[in-house]
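First the structure, in the form of structure tokens, and then the observations on it.
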Amino acid sequence: MAVVSETIVVANQLEAIGSSLQKGLEQLGAAARFAVEAGRAATDVKTWWPELVTQMRLLGVASLPITAFIALFTGIVLALLASYTLSGAAVPLYFIGTAAEKGIAMELAPVLTGLALAGRVGANIAAEVGTMRVTEQIDALETLAYDPDAYLVVPRVLAGTITFPILVGLAIVIGVASAWSASQLFLDMPSAEFVKGVRRYFDPFDVEYGVVKAASFGFAVTLGACRSGLASSGGAQGVGQSATRAVVQGSVAILVLDAFWAMTWLLGRVR
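Pasting the structure below:
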């Protein structure tokens, strides 16, 4: 009897794992199909072009304050953390500048900014598109011969893909500048030493890596948010669930893409 019970438990566990794997693959396939449909809709330039600038303003320009705020305090904390880590070690003081530049440009600015924008941009898009879905405005667009993907999805995805790298570039500048300021105010570090650390080991790849990651984050966050919004149902509660789902999925996508770029692009340069 004990052997039979254990067999049943193992079978149930395998069934649960298989079911979860199947659902995950189905979701991945649905997301890929949605991306292909959006790509086809991108050919309808006359529909999405008038909306692109508006979406860039809403997703990009309106996100400048939160981007600057995050970068400012990230730079301060990173400079102090680098000083604490290197204190007592036989390492030149200018390595604080090196650590700040590398850490901010390649990891902290893209990821922290991306996660913040996944909350702000992802929830906003999902709620807006979801409200249009439950109030049948999207059905009205189709009645007027508008392609919802071209009118709603493409301009938002393009706006996110374009503005995320710009915001991250700004975050890199502000973060390094705030790290430099912190080293002057709190660490009594000569400005020349910090600048020496930044310049000595600076590689244009650092910025390129961070900006490309940011573009992929913007694409994933906005595409997932549009998909969540279009799948909304059930009134206000359904819209709220779509917004929550968009934030969670966007955050997970950022972390997965961050690991992907590290294992493919960054690891290739290390070797």
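Just so we're aligned, residue 183 is where the sequence shown starts under the numbering used here, counting upward by one. Think of the CB as a built atom: it goes at the ideal place given N, C-alpha and C, for glycine as much as any other residue.
Closest Cα partner of residue i within the set the options
i, options, result
"Cys-408", "Leu-262, Ile-307, Pro-337", "Ile-307"
"Asp-331", "Thr-189, Ile-190, Trp-230, Ser-202", "Trp-230"
"Pro-372", "Ala-223, Thr-189, Leu-196, Leu-275", "Leu-275"
"Arg-427", "Leu-439, Leu-448, Leu-405, Phe-442", "Leu-405"
"Leu-352", "Phe-251, Gln-209, Asn-194, Ala-322", "Phe-251"
"Val-259", "Ala-212, Ser-410, Gly-357", "Gly-357"
"Val-429", "Val-403, Arg-451, Glu-310", "Val-403"
"Ala-341", "Leu-241, Ala-300, Ser-414", "Leu-241"
"Asp-329", "Ala-193, Ser-202, Leu-412, Leu-448", "Leu-412"
Cβ-based burial, residue i [other Cβ within 10 Å; buried from 16]
i, result
"Ile-199", "exposed"
"Leu-283", "The sequence given here has Glu at residue 283, not Leu. Buried: at least 16 other Cβ atoms inside 10 Å."
"Ala-327", "exposed"
"Pro-347", "buried"
"Leu-349", "buried"
"Val-227", "exposed"
"Thr-345", "buried"
"Phe-442", "exposed"
Cα-Cα separation, residue i to residue j
i, j, result
"Met-238", "Ala-444", "28 Å"
"Leu-367", "Pro-292", "26 Å"
"Val-421", "Ile-190", "40 Å"
"Val-377", "Glu-318", "57 Å"
"Phe-399", "Thr-446", "16 Å"
"Phe-401", "Leu-254", "25 Å"
"Val-243", "Ala-272", "44 Å"
"Ala-359", "Met-314", "42 Å"
Where residue i sits in the DSSP three-state scheme
i, result
"Phe-277", "helix"
"Pro-329", "Sequence inspection shows Asp at residue 329; the Pro mentioned does not correspond to that position. Residue state, collapsed to three classes: coil."
"Pro-347", "helix"
"Thr-225", "coil"
"Pro-386", "helix"
"Glu-457", "Any question about residue 457 goes unanswered here, given that the chain covers just 183 to 453."
"Asp-370", "coil"
"Gly-160", "With the chain represented from 183 up to 453, any question about residue 160 goes unanswered, as that position is not in the structure."
"Gly-462", "Nothing can be reported for residue 462: it is not among the residues displayed for the chain, which extend from 183 to 453."
Contact test: residue i Cβ vs the ligand GTP heavy atom, cutoff 8 Å
i, result
"Glu-208", "The ligand GTP is absent from the structure shown, which contains no ligands of any kind."
Taking contact to mean at least 3 C-beta pairs separated by less than 8 Å, is the region 285-299 in contact with the region 383-395? Yes, they touch.
For the region 430-450 and the region 294-308, state whether three or more C-beta atom pairs, one from each stretch, are separated by less than 8 Å. Flag = yes, the region 430-450 and the region 294-308 touch.
Is the region 334-342 touching the region 218-225 in the sense that three or more CB pairs, one from each, lie closer than 8 Å? With a cut-off of 8 Å, the region 334-342 and the region 218-225 count as touching, because enough Cβ pairs lie within range.
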